[in-house]
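Undergrad:
Protein chains: 2
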Amino acid sequence: MSKLTDLPKRILIGRALHSNKLGETLLPKRIALPVFASDPLSSVAYAPGEVLLVLSVAGVSAYHFSPWIALAVVVLMFTVVASYRQNVHAYPSGGGDYEVANVNLGPKAGLTVASALLVDYVLTVAVSIASGIENLGSAIPFVVEHKTACAIGVIVLLTLMNLRGVRESGKLFAIPTYVFVGGVFIMIAWGAWRGLVAGDTMKAPTADYTISAEHQGLAGFALVFLLLRAFSSGCAALTGVEAISNGVPAFRKPKSKNAASTLALMGGLAVTMFCGIIALAMATKVRMAEHPATELLNNGKPVGSGYTQNPVISQVAEAVFGNGSFLFIVLAAATALVLFLAANTAYNGFPLLGSILAQDRYLPRQLHTRGDRLAFSNGIVLLAGAAAVLTYIYGADSTKLIQLYIVGVFVSFTLSQTGMVRHWNRHLRTETDPAKRRHMMRSRAINAFGAFLTGLVLVVVLLTKFTHGAWVALLGMVIFYATMTAIRKHYDRVAEEIAIDEEPGDEAVRPSRVHSIVLVSKVHKPTLRALAYAKLMRSDTLEALSISVDPAETKALRDEWHRRSIDVPLKVLDSPYREITRPIIDYVKSLRKESPRDAVSVYIPEYVVGHWYEHLLHNQSALRLKGRLLFTPGVMVTSVPWQLDSSEAAKKRARKHAEWNAPGSVRRGPVAAPKKDKKEKAATKK
Amino acid sequence: MSKLTDLPKRILIGRALHSNKLGETLLPKRIALPVFASDPLSSVAYAPGEVLLVLSVAGVSAYHFSPWIALAVVVLMFTVVASYRQNVHAYPSGGGDYEVANVNLGPKAGLTVASALLVDYVLTVAVSIASGIENLGSAIPFVVEHKTACAIGVIVLLTLMNLRGVRESGKLFAIPTYVFVGGVFIMIAWGAWRGLVAGDTMKAPTADYTISAEHQGLAGFALVFLLLRAFSSGCAALTGVEAISNGVPAFRKPKSKNAASTLALMGGLAVTMFCGIIALAMATKVRMAEHPATELLNNGKPVGSGYTQNPVISQVAEAVFGNGSFLFIVLAAATALVLFLAANTAYNGFPLLGSILAQDRYLPRQLHTRGDRLAFSNGIVLLAGAAAVLTYIYGADSTKLIQLYIVGVFVSFTLSQTGMVRHWNRHLRTETDPAKRRHMMRSRAINAFGAFLTGLVLVVVLLTKFTHGAWVALLGMVIFYATMTAIRKHYDRVAEEIAIDEEPGDEAVRPSRVHSIVLVSKVHKPTLRALAYAKLMRSDTLEALSISVDPAETKALRDEWHRRSIDVPLKVLDSPYREITRPIIDYVKSLRKESPRDAVSVYIPEYVVGHWYEHLLHNQSALRLKGRLLFTPGVMVTSVPWQLDSSEAAKKRARKHAEWNAPGSVRRGPVAAPKKDKKEKAATKK
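First to last, the sequence lines map onto chains A and B.
Just so we're aligned, residue 3 is where the first sequence starts under the working numbering, counting upward by one.
Just so we're aligned, residue 3 is where the second sequence starts under the working numbering, counting upward by one.
1) Determine the DSSP secondary structure at A/Leu220, reduced to helix, strand or coil.
2) Taking 8 Å as the cut-off, decide whether the C-beta atoms of A/Leu632 and B/Val610 are in contact.
3) Please list the segments of the beta strand (DSSP E) lying wholly inside the region 568-650 of chain A, counting only runs of 3 or more residues, in order along the chain.
4) Expressed to the nearest angstrom, what Euclidean distance is found between the alpha-carbon atoms of A/Pro635 and A/Leu618?
5) Nearest by alpha-carbon distance to B/Val115: which of B/Ala64, B/Ala221, B/Val340, B/Tyr364 is it?
6) Contact check, B/Ala34 vs B/Thr264 under 8 Å by CB: the rounded distance?
7) Could you give the DSSP three-state label for B/Ile142: helix, strand or coil?
8) A/Thr212 touches chain B at which residues, Cβ-Cβ below 7 Å?
9) I want to verify the contact list: residues of chain B whose CB lies under 8 Å from the CB of A/Phe633, in sequence order.
10) Is the Cβ of B/Lys527 closer than 8 Å to any Cβ of chain A?
11) Would the beta-carbon of B/Ile213 be found less than 7 Å away from any heavy atom of the ligand SAM?
12) Could you tell me how far apart the beta carbons of A/Ile131 and A/Val156 are, in whole angstroms, since I believe they sit closer than 8 Å?
13) So which residues on chain A does B/Ser541 lean against when the C-beta distance must stay under 9 Å?
14) Checking contacts by CB at 8 Å: is A/Gly94 closer than that to chain B?
15) Could you check whether the Cβ of A/Arg580 sits closer than 8 Å to any Cβ belonging to chain B?
16) Below 6 Å CB to CB, which residues in the same chain sit around B/Ile582 once its five sequence neighbours on both sides are set aside?
17) Out of A/Arg594, A/Ile568, A/Glu320, A/Ala398, state which residue places its alpha-carbon closest to the alpha-carbon of A/Val146.
18) Within 8 Å of any Cβ in chain B, is that where the Cβ of A/Val570 sits?
19) For A/Leu521, decide whether its Cβ has a neighbour in chain B, counting only Cβ atoms nearer than 8 Å.
20) Does the beta carbon of B/Val637 come closer than 8 Å to any beta carbon on chain A?
21) Name the one or two DSSP bridge partners that B/Glu136 has.
22) Which partner residues of A/Asn300 appear in the DSSP bridge assignment?
23) Are three or more beta carbon pairs between the region 645-653 of chain B and the region 638-645 of chain A nearer than 8 Å?
24) Answer yes or no: does any C-beta atom of chain B fall closer than 8 Å to that of A/Ile489?
25) Are the CB atoms of A/Ala153 and A/Tyr407 within a distance shorter than 8 Å?
26) From this set, A/Arg626, A/Leu355, A/His517, which residue's C-alpha is nearest A/Lys595's C-alpha?
27) For B/Val83, count neighbouring C-beta atoms within 10 Å of its own C-beta (all shown protein chains included) and say buried if the count is 16 or more, exposed if not.
28) So which residues of chain A does B/Ala601 contact, with C-beta pairs closer than 7 Å?
29) Short of 8 Å in beta carbon distance, which residues of its chain neighbour B/Arg626, apart from the five on each side in sequence? Order them along the chain.
30) Ignore the nearest five residues each way along the sequence and tell me which others in A/Gly457's own chain have a CB closer than 6 Å to its CB.
31) Of the choices A/Phe352, A/Val273, A/Ala291, whose alpha-carbon is the least far from that of A/Tyr100?
32) Hey, out of A/Ala501, A/Ser541, A/Thr487, A/Val391, whose CA is closest to A/Val474's CA?
33) So the candidates are A/Ala64, A/Ala501, A/Pro42, A/Ala103; which of them puts its Cα closest to the Cα of A/Leu359?
34) Less than 8 Å between the beta carbons of B/Tyr605 and B/Val520, yes or no?
35) Under a CB-based cut-off of 8 Å, is B/Pro513 close to chain A?
36) Please decide whether B/His564 counts as near chain A, where near means a Cβ-Cβ distance under 8 Å.
Written as structure tokens, this is what we have:
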């Protein structure tokens, strides 16, 4: 059956590309930076705009708060980066937030983080792609006119790329990311030179617009609340920072040190870009409104619903480079591409987290094989589906989608940092070396501050965004949490059911003899093979069993049996209703009744085929029979395969599949080292 | 996986009803008549109308041809009934048209008949239900206002009834059929008395309308063509006549005689009703137009698209009984019900024919179990789906749907009758008894005339209806034919591939020893059972194999193995990528390479679960591993089941399913007697 459901996938995706196992190379910092930083760096494409947009609720005059908000974001960014540098050192095996929370705070905290991250991955895809489309749209209007369709198109494209695998994924990330970072820095430098040195007046396309404030002259608590909301939106710049802590094993040695410096470098870049863009937006008088159609006024009149509000980064680029200029176009394209790559990181992270969760039995067991194509495929299809649904519902509007975002990130930031505090506490209890103790205490202080600050931000985010859409993200988390808890409970119940009771004699009486039955319909090669194999097994008794549905066929079978003088007795059961399954089940049951201490072994010749449709034509009766037989206690069922010529096709397919490689899979690192710090695990159990 | 796809079905259908195996009782004639005759008798509800409707193309004046057309239909009906009485006597085992054609004319003719019948079953559902809705609509206008929705609703209802099974199916057919037949006869008698004796003037609701003829004053070839087209439409009255020839085994003894008299009785009833309704329609001046909105004139003006053209039978009933009278309502309801029952006969016939075709390897093998619930379910879902699509496309318009109908019926009539001629020819070659010879020659003459007449009608139908929609039916036949041929070819190719070559020594070297491997992940009850069973089999070597994906778990496994002093050697394979399948496959392949003459037997502990979702949580890795292992030559795979407590639920479900009974399944008769006349089969092979 799996073949059947595979078909549409195969038609869409084609054969996987042959790839030189990139997963086996370690990443130098210059590649690691773009591979891990596309997500956090790309968020500077939308975060500044969101800040201005929220401030505009109180009118343009509120824009003068934006540097302060930027400052708050910068402080937060440094705190988070500093905190995760501790994680990276403490968990060189790549302990992500889930594992840090799970090990240090217990399974409930771990599962909460996991639910938050799963929701977050979905939103990373939706937000990044929506924003990418908007940036692309500032250069190519067609794209923004068909926003939802284009966004879903990009989701589909990314999904296919991931299902199919790519030849080279390191460079794929490196080039656009460096172009983007370089472009933004050139823009900031050029803008600063033009403004400060050359004294040019740079005007954003919206510089002459005014904003009809929703709440003019906001003050007191209402103003504070608005500023907090603007800050919450700005915090979108922090998403993705945690990714490096998962990816330490992918770095070259010294792994932790390299990861930590990459993290610092990334933080520095993100902060500079974020502040530079905000500063340029102020200088070029960018105007953003929450509902531009009615609130953005051109000569006192609303711009109307036909107006497209371009992202801040593109408005600034237009002011600095000039509309339609080469650099403007390049930056728009690079921004869009980096945002799509940021979305791709979720395609990597989602199934990877799924495999870790499966290992802990929160998700179906078979997903736990890392790098397994099928598990990976299911994960990304689920991720892409959820992201596409959100994109469709919210009309690919990045501003609306961002309201849902960040909740998950800060839930996992806070719990992870709290977990780290516990981690240091535990280590301090046993550590005696004063130098090490001092170092640990410093780390603990950083993590504690990180936990405090991110926790505070989480509260702010929840307060300011709950009704704006954060409830959707929370609902998603609750659903993931409940599902995973239910799965874990099921596995626990089964584990208990199948555990061996310690008192002796509790086990069912062991079978003493085995009666073998080979199912036979005709005398052909598969039957002879099944008979030969069954004979090899030297069971106590062996007989061939056939169900008579057509007297003529049965007679032919008997004659042939005789003619070939096959030395296994042939038993024929009548089946007036031409049923196959029931007579066999009844016969097996009667054998078991006769001698309840014996086991019955049933051999079924099975055809191995190469095409999905052949599954419809073969083995169906055998499969159903097997399904029913397994319900009967004391029975085992042996499939004796006969490989039809067509099975070669499936073999070749399987070989190709085995060589498949996911884009961005370099992040996972080369070896699945023992993933947990076992001592710590033991310690928490105490 | 089958469990998964089963789920929506189960939610919709619920549990099957317990039923007292009706299939095991034989039918007395008084029950057999309604069970088999609902289809042919119900067609008098639409056939007379179609005749008038086609004639109206040449204006009302052409209506005076209708008695002649009725006469032609009557002659044809008697011919067909007489012909099938020969079939019933010659094939007391219930040889349907497919088998008669297959045995006597060869597989291509058989397959053509089968394709025709399959298309016909779909159309029986679509036409009968559309007509039923129109009849119901003459009493309840709401129904006809939402024609398509109601028709599809009835299809869904019938489908659910068939999937679920019913308690009692004989009476279900008997009561509405007798009410319908009784009602029509009362109507004819009462109408005749009122018109001829009492001298009342009965007027149909459309009596005062006039018809704007499409082609006024048609003459010559055009008129002949129109009359032939009207005749073709009238032939819809003959659909379903062949059904009894399939159902002879369901009759009480003497089976053939009883079936033949039922057939004659049915023919007599159908003819009387058909003629009576045409006569009353003429007397009450019913007016029917092909496109009533524009061609039916009330006081010289078209009635417009809001007008509903009621079926002839209901217009006549209105004229005879009075609009809204009790008898009028009863007859409308009974007509609709009989038409729905007629549709239901296709629900029985379609999967039954499917099982016969599967027996001959034209359809997937597993369908060949007659009375098997799953095969039956797939068949009726396919049937209902196709009928619903046609109903939707043609807007549940019985007139449009009838254009597609009849082609299939006459293809199978013609080929079946031709086959019967061959049958008698063959028997006459060996028969010497003059009395018997005379009898056979008489039968042959009847069948020859039947073949000639039905063949002629087939040509007429094709000529007059091809562009009106018959091409759709032909296309459907071609698709069925091509698919079934392809399936048969596939099976034939496989059969050749697996046939044993007669020269000795051609077979692959038989394995001499067997190496057994028990897959182990933890020490729990299922593992111990698998080990115990594997030991029972006394293979040459036995080892337990575990894949190490987590060093701690592996160590725990080794310790437990030691502690319990399990006397089977434990081998652990490392899997750096946490893969399960590949290391096992590689290991098995290496064993095979070491000693190519040995076979490898792999034991996999498998969980037996009771709920569909549990399949997602268990055995997936095992299933995939098994799928891959079977591609490796020299390997057999044994599932050692462990029944989880939840499996009891599935067992109970299976038990209930086994007691399921399809509505109308009485038609199939109690025993699947050897279905073919083996001597004849042998004869055709010569």
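Each residue gets a CB set at the ideal place from its N, CA and C atoms; glycine is no exception.
TA: The relevant details are as follows:
1) coil
2) Here A/Leu632 is near B/Val610, since their CB atoms are less than 8 Å apart.
3) Runs of the beta strand (DSSP E) lying entirely within the region 568-650 of chain A and spanning at least 3 residues, in chain order: 572-576, 601-610, 637-645.
4) Between the alpha carbons of A/Pro635 and A/Leu618 lies a distance of about 29 Å.
5) Residue nearest to B/Val115 within the set B/Ala64, B/Ala221, B/Val340, B/Tyr364 is B/Tyr364 (criterion: CA-CA distance).
6) At roughly 5 Å, the Cβ-Cβ gap stays under 8 Å, so B/Ala34 and B/Thr264 are in contact.
7) coil
8) The premise fails here: A/Thr212 is roughly 55 Å from chain B at the closest Cβ pair, so nothing lies under 7 Å.
9) Val610, Pro643, Gln645, Ser649, Ala652, Lys653, Ala656
10) So yes, B/Lys527 belongs to the interface.
11) In terms of ligand content, the structure shown is empty, and the ligand SAM therefore cannot be addressed.
12) At roughly 5 Å, the Cβ-Cβ gap stays under 8 Å, so A/Ile131 and A/Val156 are in contact.
13) Leu538, Met539, Arg540
14) Rather than Gly, the amino acid found at residue 94 of chain A in this sequence is Pro. So, not an interface residue.
15) yes
16) Ile549, Ser623
17) Ranking A/Arg594, A/Ile568, A/Glu320, A/Ala398 by Cα distance to A/Val146 puts A/Ala398 first.
18) No, A/Val570 lies away from the interface with chain B (no Cβ there is under 8 Å from its Cβ).
19) At a cut-off of 8 Å between beta-carbon atoms, A/Leu521 makes no contact with chain B.
20) It does; some Cβ of chain A falls within 8 Å.
21) In the DSSP output, where bridge partners are listed per residue, B/Glu136 has none listed.
22) Looking at the DSSP assignment, A/Asn300 forms a beta bridge with A/Lys303.
23) no
24) yes
25) no
26) In terms of Cα proximity to A/Lys595, the closest of A/Arg626, A/Leu355, A/His517 is A/His517.
27) buried
28) Tyr535, Leu538
29) Thr583
30) Within the same chain, A/Gly457 has close Cβ partners Thr416.
31) A/Phe352
32) A/Val391
33) A/Ala103
34) yes
35) yes
36) no
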